[in-house]
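Okay, so here's the structure we're looking at.
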Amino acid sequence: MIFVETQYDQTPAALNDLVENAALAALKHQSAPENATVTIVLTDDEQMHSLNLDYLGVDAPTDVLSFPSEEIDPETGDPYLGDILISVPRAANQAESTGHDVESEAQLLTVHGILHLMGHDHAEPEEKERMWQAQAEILTKLGLGNIQVRES
2 MIFVETQYDQ
12 TPAALNDLVE
22 NAALAALKHQ
32 SAPENATVTI
42 VLTDDEQMHS
52 LNLDYLGVDA
62 PTDVLSFPSE
72 EIDPETGDPY
82 LGDILISVPR
92 AANQAESTGH
102 DVESEAQLLT
112 VHGILHLMGH
122 DHAEPEEKER
132 MWQAQAEILT
142 KLGLGNIQVR
152 ES
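Residue numbers (our numbering): 2 to 153.
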């Protein structure tokens with residue numbers, strides 16, 4: 002189950018459904034348990050800046066943050082994979098600079114975040130190659146094969 006929470010007033014109306022669908026596609030691609038739960042928060046640069054500083058020691062906003070979890074819901078036994086936060090204003094700026102719409106950018110960032118929750122990383126060249134390949138495959142399935150995967 003995917004929970005999408007909007008904390009940014011200027012979030013485009015279609016974004017919630019699009020990021021939910023992108024998350025589901027990424028989870029399916031990664032063979033995640035069907036009963037897995039993820040929370041996606043659509044927020045602003047201020048919150049992302051604060052979280053980036055608190056958790057990663059980076060004094061700047063970022064586009065996407067992932068917080069993996071290995072919790073199990075005590076009532077249902079369902080795995081909770083974690084939280085993804087996306088800066089909608091940063092997604093809009095990146096979309097504009099790369100020539101596509103914010104909806105496509107938000108889907109890219111969602112896929113990127115899910116891959117981090119599933120254990121992918123891009124710190125080392127071999128890891129990055131595997132993660133970028135998975136992103137490209139998922140984006141193609143979403144009809145976004147034209148979106149360039151870039152360093153994030």
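Each residue gets a CB set at the ideal place from its N, CA and C atoms; glycine is no exception. On a predicted model such as this, the values are computed, not experimentally measured, just so you know.
Around the beta carbon of P62, a 10 Å sphere encloses 16 or more other beta carbons of the protein chains shown; the residue is thus reported as buried.
Collapsing the DSSP output to three states places V59 in coil.
The Cβ atoms of A33 and L82 sit closer than 8 Å to each other.
In the three-state reduction of the DSSP assignment, I87 falls in the strand class, which pools E and B. With respect to the 8 Å criterion, I148 and A26 are not classified as neighbours on the basis of their beta carbons. Straight across, the Cα-Cα distance linking W133 with K29 is about 17 Å. C-alpha of Q11 to C-alpha of Q136: approximately 27 Å in a straight line. Burial check for Q95: the Cβ neighbour count within 10 Å reaches 16 or more, so the residue is buried. Counting along the chain, the unbroken beta strand (DSSP E) around L43 starts and ends at T38 to T44. Comparing alpha carbon positions, the residue from V89, P80 and D84 closest to E106 is V89.
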